[in-house]
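Taking the numbering used here, the leading residue of the sequence shown gets 25, the next gets one more, and so forth.
Take a look at the structure set out below.
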Amino acid sequence: MSTCQSNPSSSLIVSLREMRMVFERLVQVTRVEPGLVPALRDCALYSAALGLDGFARVSANLEAVKASDPHAISLDDDTGLNINGGGQHAWIIAEAALGLAIDNLRVGGQGAVSVRNVSDIGELRVAEALAQRFALQARVAIGEAGTSATITVSSATEPSQIALLDTIRRNGLVVNAALWWELYHRSADALAPDSYMSRRHAGPIIVEADGKVIGRQDEDETDFSLLLADAPKSGAATAKH
């Protein structure tokens with residue numbers, strides 16, 4: 025089980041697994057379209073890793089995407105090089121803009137797109153990390169007025185250009201302890217309240233009301249006494265493994 029390691033100061037070193045779990049739960053609490061959850065989780069992770077708003081503003085960023093409408097994104101022309109973000113938050117635009125830049129690179133040899141009409145446009149830099157899953161290098165240049173950006177994608181020439189996720193996996197990220205625990209406890213809102221019913225549907229198995237086990241039948245470490253601890257007094261059967 026992954027853990028958060030204490031730092032001598034008031035900081036924690038948080039593992040990749042813990043960050044993904046907490047960020048994904050926070051995104052779920054935001055009630056965005058389910059298909060956006062993995063992308064927004066990764067945007068939050070890379071925002072922290074790249075030193076952008078990251079941990080400090082994750083709640084504000086997620087609040088901004090709550091009313092997101094990916095359908096508002098459009099192309100300004102037929103070239104596929106100019107994206108109108110439709111006023112959406114940068115995390116909503118990042119995956120789509122990166123995908124278009126990659127297509128332009130593979131089809132036309134010019135992996136660049138321009139983006140405008142985006143809120144929190146500096147957060148588009150998460151595309152630099154998102155590109156690494158394709159073994160590509162991305163650069164995001166924000167315009168001087170802060171109203172537009174250019175995403176340029178090219179082949180990675182050095183292993184270090186696609187190593188960010190592995191670095192996070194090996195070393196974790198440092199975060200203020202109080203901030204982390206605030207996010208951690210808030211993420212629990214995505215979980216079902218503890219009850220007899222929720223316990224029977226947690227983990228790798230389901231325990232029916234009559235004690236029938238559905239799922240793994242090997243000798244795992246499931247504590248059936250916990251599953252039945254709050255069982256209704258009438259009709260509660262003993263679980264059979």
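Note that the Cβ used here is the ideal one computed from N, Cα and C, for glycine as well.
Keep in mind that this is a model prediction, so the values were computed, not measured.
### Task
Would you identify the three-state DSSP class for V150, choosing helix, strand or coil?
Helix.
#### Entry: Under the three-state DSSP convention, the category S39 falls into
coil
### Task
Just the C-alpha distance for N128 and M45, rounded to the nearest angstrom, thanks.
33 Å
#### Entry: Extent of the continuous alpha helix (DSSP H) run through S83
Taken as a continuous stretch (DSSP letters only), the alpha helix (DSSP H) holding S83 covers V82 to V89.
### Message
Counting C-beta neighbours from all protein chains within 10 Å, is the total for E147 16 or more, i.e. buried, or is it exposed?
### Response
Per the 10 Å Cβ criterion, buried.
### Message
I need the boundaries of the beta strand (DSSP E) containing I107, first residue and last residue.
### Response
N106 to N108
### Message
As an exercise, report each continuous beta strand (DSSP E) stretch of at least 3 residues that is fully enclosed by the region 111 to 172, in chain order.
### Response
136 to 140 and 160 to 166
### Message
Within a Cβ cutoff of 7 Å, which residues of the same chain sit near S26, ignoring the five residues on either side of it in sequence?
### Response
Any reading at S26 needs caution, since the residue's pLDDT is 45, under 50, leaving its predicted position unreliable; the model's value is listed next. Result list for S26: S39, R41 and E42, in chain order.
### Coil, strand or helix - I175 by DSSP
In the structure shown, I175 sits in a strand (DSSP, three-state: E or B).
### Task
Name the two residues that bound the continuous beta strand (DSSP E) containing V56.
DSSP places V56 in no beta strand (DSSP E); its state is neither H nor E.
### Query
Considering only residues of the same chain and omitting the five flanking positions on each side of N106, which have a CB-CB separation below 6 Å?
D100 and S138
### Query
Residue range of the beta strand (DSSP E) that L197 falls in?
First-last of the beta strand (DSSP E) with L197: L197 to N200.
### Contact set for A165: own chain, Cβ-Cβ below 7 Å, skip 5 residues either direction
A173 and T174
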